[in-house]
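Just below is one structure, and these are the notes that go with it.
Numbering (my numbering), first residue to last: 12 to 166.
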């Protein structure tokens, strides 16, 4: 199994790289946020960026820093050993450590200038709160706890 981890700021292009690798190499795409999305679906709550970030922060705070990482790693281990897996959305150092536990791994950090990332987010409107957000709101989102760890991963 070859596991590729994609890290980067909001709107940097992680999902586009993931889709490309999936098309070109038949890689299996996985997102760290899928666990959080599943929980929000079950609770009938909006999948806004704020809800996803708050839920992730709460789970880590009350159930341990590795609660999401451990579940995600088990999901990956259930796949075929011959698979190429692309993880979209690595944000924390313990997620990088999980990636490194796979003998064949690669971490790619993707970035783009803030204005470009902002316009991408508005255009895609992937999260319900992205379509109407201002540039100032976008910059505030980047100050959230989930985004602060990216600089540690990048360096």
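From the three backbone atoms N, C-alpha and C, an ideal C-beta is built for every residue, glycine too.
Fill in: Candidates 135, 144, 92: closest to residue 115 by CA position
In the chain shown, the residue the question calls residue 115 occupies position 104. Nearest in C-alpha terms to residue 115, of all of 135, 144, 92, is 92.
Practice prompt. Determine the DSSP secondary structure at residue 43, reduced to helix, strand or coil.
Written response: Here residue 43 refers to the residue found at position 32 of the chain shown. Residue 43 falls in the coil class under three-state DSSP.
Fill in: Assumed close pair residue 106, residue 80 - CB separation to whole angstroms, cut-off 8 angstroms
Taking the chain shown and counting its residues from 1, the one referred to as residue 106 is at position 95. Taking the chain shown and counting its residues from 1, the one referred to as residue 80 is at position 69. Correct: roughly 6 angstroms between the Cβ atoms.
Item to complete: Check whether the region 32-43 touches the region 112-131, taking contact to mean three or more Cβ pairs, one atom from each stretch, closer than 8 angstroms.
Response: The region 32-43 makes no contact with the region 112-131, as fewer than three CB pairs between them are under 8 angstroms.
Fill in: For residue 115, the residue or residues it bridges with in DSSP
Sequence index remark: in the chain shown, residue 115 carries index 104 (1-based). According to DSSP, which records beta bridges pairwise, residue 115 is partnered with 13.
Worksheet item: What does residue 67 pair with, by DSSP beta-bridge criteria?
Response: Locating residue 67 in the chain shown gives position 56, where the first residue counts as 1. None; residue 67 has no bridge partner.
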